[in-house]
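Encoded as structure tokens, the structure appears first; notes follow it.
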Amino acid sequence: MLKFILVKLAQLIPTFIGVTIVAFSFIRLLPGDPIILLAGERGISPERYAQLSAELGFDRPLVVQYWDFLSGLLQGDLGTSLVTHTRVVDEFFSRFPATVELSLVALLIAVIIGLPAGVIAATRRGSWIDHGVMGVSLTGYSMPIFWWGLLAIMLFSSTLGWTPVSGRISYLYFVDSVTGFLTIDTLLAGNWDAFWSALHHLILPAIVLGTIPMAVIARQTRSSMLEVQGEDYVRTARAKGLSNFRVVMVHTLRNALITVVTVIGLQVGLLLSGAILTETIFSWPGIGKWMVDAITRRDYAAVQGALVLIALIIMLINLLVDIAYGVINPRIRH
Amino acid sequence: MALLEIEGLDVRFRTTNGLFPAVEDANLSVDKGEVLAIVGESGSGKSVSMLATMGLLPWTAEVSADKMAFDGQDLRQLTSRQRRKIVGGEMSMIFQEPMSSLNPCFTVGTQIDEMLRQHLGGSRKERKERALDLLAQVGIPDPKKRIGAYPHQLSGGMSQRVMIAMAISCNPRLLIADEPTTALDVTIQAQILDLLLELQQDTGMALILITHDMGVVAETAQQVIVQYAGRQVERQEVKALFAHPRHPYTEALLSALPERAGDQARLPTIPGVVPGQLNRPSGCLFNPRCRYATEHCRQVEPKALADDPARTLCHYPL
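Chains as they are written, first to last, in the numbering used here: chain B, 1 to 334; chain V, 1001 to 1318.
Below, the structure written as structure tokens:
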């Protein structure tokens, strides 16, 4: 198992280098100049422009700039933001918990609802439950996040008044940041009112963000269960006189999970990209919103740093998925 | 009283083109300690009738029977919970593809243990002892090591041995072996058959052997049922069947045996294939491939005569 993990880690190195190249070139390929954007409407003199350009190192050849970025990265230095003049790493990780909290809860909702829905649909194939689950999930899957988010805000926040429109927590509360997850921090502080407020703010964006993964997980679980149901070993399990529950939940689901776990892993990447839209709609103070701002200002250091960090996180999550896959599927391990 | 008695078993599959009859009017009875062989080509409904007995057919199947009794208990009347006590415990089954019949996610030991826990109970330690004994009994070397193996680490022959160990783990009174050697090498085939017969002799359980190998039938069975296109065309004691086959199909099967072909350069074959859903002939189902067929055979469906012990499904029994 250790060897399996080490090999998987080694395989990440070329991917990581590729990611740095893409992150570095992507933001520079966009039209627009950070210095001119920084100067604002009044413009900037050519002398001042040259001076700033030299200060920031933009006048050097791209290869040199890239090397500078890469060597800084390997030393854990992602540079400083052009706009805020704070370290990109600090900016990133001060906002990151908000995104993680949102994504985790979204994924949790997606799995808790999507997985059983898929199992039930598969065991009741062709029934109205099956058609219902598949219909709802197809709708959820096809719904653009920004549209669905706005509809949800209109209904649940504006019309029904069940949830707040935006933000992470009511301004009435202030809790010390321990984990960065407000739901946990408020619990740690023992402040129940603050906890409810945080949960209240979290629930709607999490549902909106979790809708697509939920639909994907439900559909994948269903089709994977149906496929496994036809396997010889499921017939063997029935021939053993096992209860239907055991045949479905142990023999069928266990094998069906192998593909479902892969799909759940792939959803993590989608969640982070979906988070950008969801955070923008709900004014959620996370990475997504910050990155949108950084891109509009052509904040090279912030964008390339954030991209590399996000890619790194997704790569590590995929590694975890691979390990989980090895645990579930003995054929991978040996 | 026979151990397993089936009369008038019909199995139909719901398809997009309506109902397809996979088995029609199947009858069989197996006594305690008896070996019954069911022979026939692929698609003749051998497996389907046994899967129906075990209650293992998919939801698209419709099963009906005049009688379906195991040890006097009417299988049709039992609730699914009562039936599960018999299936796996008193009546168990092994399959054609040993490599895919074991669950890839669990060790051999876990899969045997599951069966024991379901039907026999006992402490964890007792069950483990029993599993080790079973593995040794089916001829698996080094059971202590193999008990922790996953199915993908086993060969086909080993997997089938594990399947057999699992099937006999709760001392069944009837074992149904559905082409247990088809997917295996020839040398392994003989070993597995020997093992099955040895276990049958030792435990005194009844054995239903589904096969398309007449050689296997000659060596093992007491009673033989010949099935064609979902119909039982003949049933006889093994010696009588080999000496005097009554149905032209049985005769054709037997003449395709190398031992019987004598010094002919090419083995005789039966032209054509088993009819499927869309090309069922009128009259006798075997008529397009039968060398004795007459106009009468092509138009009128044959019925077994009441005074014929072999119940030959033919207008002109041999």
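We put the CB at the ideal spot given by N, CA and C, even for glycine.
Being a predicted model, the structure only gives us computed values, none of them experimental.
Under the 10 Å beta carbon count, T1294 of chain V is surrounded by fewer than 16 other beta carbons and is classified as exposed. The distance from the Cβ of V88 of chain B to that of G305 of chain B is about 4 Å, consistent with a contact at the 8 Å cut-off. Below the 9 Å Cβ cutoff, chain B contributes D232, R235, T236, A239 as neighbours of F1095 of chain V, in chain order.
The continuous beta strand (DSSP E) containing Q1232 of chain V extends over residues 1231–1237. Residues of the same chain with a CB within less than 7 Å of the CB of G1139 of chain V, apart from the 5 flanking positions on each side, are R1161, L1195 in chain order.
Minimum Cα-Cα distance from I281 of chain B among the listed residues B:L202, B:D68, B:D322 corresponds to B:L202. Under the Cβ criterion (8 Å, minimum of three pairs), the segment 287–305 of chain B does not count as touching the segment 145–156 of chain B.
With respect to the C-alpha of K1303 of chain V, the residue from V:L1120, V:G1283, V:I1270 having the closest C-alpha is V:G1283.
Counting the other CB atoms within 10 Å of its CB gives L172 of chain B a total below 16, which places it among the exposed residues.
For the options V:T1203, V:P1258, V:A1149, the alpha carbon positioned closest to that of A1167 of chain V is the one of V:T1203. For the pair G326 of chain B and I1210 of chain V, the Cα-to-Cα distance works out to about 38 Å. Taking 7 Å as the cut-off, the Cβ atoms of A206 of chain B and V105 of chain B count as close. Distances from the CA of Q11 of chain B to each of B:F92, B:L316, B:W290 were compared; the closest alpha carbon is that of B:L316.
For H200 of chain B, no CB of chain V lies under 7 Å from its own CB, so it is not counted at the interface with that chain. Taking a contact to require three or more Cβ pairs closer than 8 Å, the segment 1140–1159 of chain V and the segment 1097–1108 of chain V qualify as touching. The DSSP-derived three-state label of M1205 of chain V is coil. Under the Cβ distance rule, H251 of chain B counts among the residues neighbouring chain V, one pair being separated by less than 7 Å.
Across the set B:I313, B:G76, B:M134, the C-alpha of B:I313 shows the shortest separation from the C-alpha of T99 of chain B. In the displayed model, T80 of chain B falls within a strand according to three-state DSSP. When DSSP assignments are scanned along the segment 1066–1122 of chain V, the uninterrupted stretches of beta strand (DSSP E) that are 3 or more residues long and fall wholly within it turn out to be 1067–1070, 1091–1094.
Separation of V63 of chain B and L70 of chain B (C-alpha to C-alpha, rounded to the nearest whole angstrom) is 10 Å. Classified as exposed, T179 of chain B has fewer than 16 neighbouring CB atoms from the shown chains inside 10 Å of its CB. Taking 9 Å as the Cβ-Cβ cut-off, the segment 1072–1086 of chain V approaches chain B at S1080, R1081, R1083, R1084, K1085, I1086, given in chain order. Between P1172 of chain V and E1090 of chain V, the C-beta spacing is below 7 Å.
In this structure, DSSP gives A1310 of chain V a state outside helix and strand, which the three-state scheme calls coil. Using a Cβ-Cβ cut-off of 7 Å, L1056 of chain V counts as an interface residue toward chain B, since at least one Cβ of chain B sits closer than that to its own. Contact annotation: G114 of chain B and A218 of chain B have beta-carbon atoms nearer than 7 Å. Taking CB atoms only, L242 of chain B has a neighbour in chain V less than 7 Å away.
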